[in-house]
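Report on one structure; see the data block that follows.
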Amino acid sequence: MAVPRRERCVPRQPDEVWSLDFVADQLANGARLRVLTIVDVFTREALATEVGQRLRAEDVVGVLNRLVAQRQVPRFLFADNGSEFSGRLLDMWAYHYKVQIDFSRPGKPTDNSFIETFNGSFRDECLNLHWFESLAEAKREIEAWRQDYNETRPHMALNDLTPGEFARKYSLRQQAGGS
Numbered sequence: 001m002a003v004p005r006r007e008r009c010v011p012r013q014p015d016e017v018w019s020l021d022f023v024a025d026q027l028a029n030g031a032r033l034r035v036l037t038i039v040d041v042f043t044r045e046a047l048a049t050e051v052g053q054r055l056r057a058e059d060v061v062g063v064l065n066r067l068v069a070q071r072q073v074p075r076f077l078f079a080d081n082g083s084e085f086s087g088r089l090l091d092m093w094a095y096h097y098k099v100q101i102d103f104s105r106p107g108k109p110t111d112n113s114f115i116e117t118f119n120g121s122f123r124d125e126c127l128n129l130h131w132f133e134s135l136a137e138a139k140r141e142i143e144a145w146r147q148d149y150n151e152t153r154p155h156m157a158l159n160d161l162t163p164g165e166f167a168r169k170y171s172l173r174q175q176a177g178g179s
C-alpha cells in the first residue's frame with residue numbers, strides 16, 4: 001500500500017522556500033561544467049548560479065552560508081536526492097539553521113518543478129547560446145544572465161514584474177504594514 005505524499009509547503013513570503021538543483025554542461029574544450037542553481041520559490045529570484053567543474057556538498061553549504069548572511073534563513077529547501085543534497089554535510093547545515101529539507105521522490109523531477117522550469121530557461125537562454133572558452137568566461141556570462149533574469153525579464157506569475165521588482169514591492173508593502 002502506497003503512503004500518500006504530504007503537501008509541499010507553498011511559500012507565502014520571500015525566503016520561506018528555496019529550491020536547489022544542478023545543471024551540467026561543458027566548456028568548448030570538453031571540460032565538465034556544473035552549475036548549482038538556487039531559486040526563491042516565492043519571489044522567483046535566482047539567488048545563486050554557482051559555477052564550477054566539480055561542485056560538492058561543501059560547495060552547496062558554502063553558497064547557502066553566503067546567502068543566509070545576506071538574507072533570511074529559509075524554512076524549507078526543495079532538492080532532489082543527489083549526493084550533494086542528501087549527504088550528512090547539508091543535513092548538519094539544515095539542523096543548525098532549523099531548515100527542513102524536502103526531497104523529491106526518486107525519478108520524479110515534477111516534485112521540484114519550479115527549479116526544473118528555471119533550469120530549462122537557463123539552459124535555453126544561456127547555456128545553449130554560449131560556447132564558453134573558459135571557466136572564468138562561463139562565470140561572467142552566467143552571472144550576467146542571472147542578473148538579467150532577476151532585473152529585466154518580467155514574469156506572468158508575478159503580474160508582469162521582474163523577480164527583483166516583485167521582491168522589492170513585497171518588502172515595501174510589508175514595511176508599510178500591508179499584506
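At position 136 of the sequence shown the residue is numbered 136 (the UniProt record's numbering), and the sequence of numbers has no breaks. The beta-carbon is built from N, C-alpha and C at its ideal position, and this holds for glycine as well.
Beta carbon of residue i nearer than 8 Å to that of residue j
| i | j | result |
| --- | --- | --- |
| E50 | L36 | yes |
| T162 | R153 | yes |
| F122 | V41 | no |
| I115 | C126 | no |
| L47 | L33 | no |
| D21 | D102 | no |
| R71 | E16 | no |
Exposed unless 16 or more other CB atoms sit within 10 angstroms - verdict on residue i
| i | result |
| --- | --- |
| V3 | Bear in mind that the predicted position of V3 carries a pLDDT of just 44, short of 50, making it too unreliable to give a figure here. |
| S104 | buried |
| N65 | exposed |
| N119 | buried |
| D91 | exposed |
| M133 | In the sequence under discussion, the amino acid at residue 133 is Glu, which differs from the Met named in the question. Result: exposed. |
| P106 | exposed |
| P109 | exposed |
| W18 | buried |
| V10 | exposed |
| A57 | buried |
| A138 | buried |
| Q175 | exposed |
| R12 | exposed |
| W93 | buried |
| N29 | exposed |
| W145 | buried |
Whole-number beta carbon distance between residue j and residue i, since they are thought to touch under 8 Å
| i | j | result |
| --- | --- | --- |
| L89 | V63 | Rounded, the Cβ-Cβ distance is 12 Å, inconsistent with contact. |
| F99 | L77 | A quick correction: the sequence has Val, not Phe, at residue 99. Indeed, because the Cβ distance is near 6 Å, the residues count as touching under 8 Å. |
| L158 | R44 | 6 Å |
| V73 | Y97 | 5 Å |
| R69 | Q53 | According to the sequence as given, residue 69 is Ala; it is not Arg. Wrong, their Cβ atoms sit about 25 Å apart, outside the cutoff. |
Contact test: residue i Cβ vs the ligand PLP heavy atom, cutoff 7 Å
| i | result |
| --- | --- |
| E125 | Among the ligands in the structure shown, none appear at all, so the ligand PLP cannot be discussed. |
Beta carbon proximity, residue i to chain E, threshold 8 Å
| i | result |
| --- | --- |
| P74 | As a matter of chain content, chain E is missing from the structure shown, which is built from one protein chain. |
Margin query: If contact is defined by three or more beta carbon pairs under 8 Å, each pair taking one atom from either stretch, is the segment 169-177 in contact with the segment 147-154?
Written below: no
Checklist line | Runs of alpha helix (DSSP H) wholly within the segment 42-90 (minimum 4 residues, chain order) | finding: 57-70, 83-86
Margin query: Quick check for students: name the residue ranges of the alpha helix (DSSP H) that lie wholly in the segment 107-143, counting only runs of 4 or more.
Written below: 113-125
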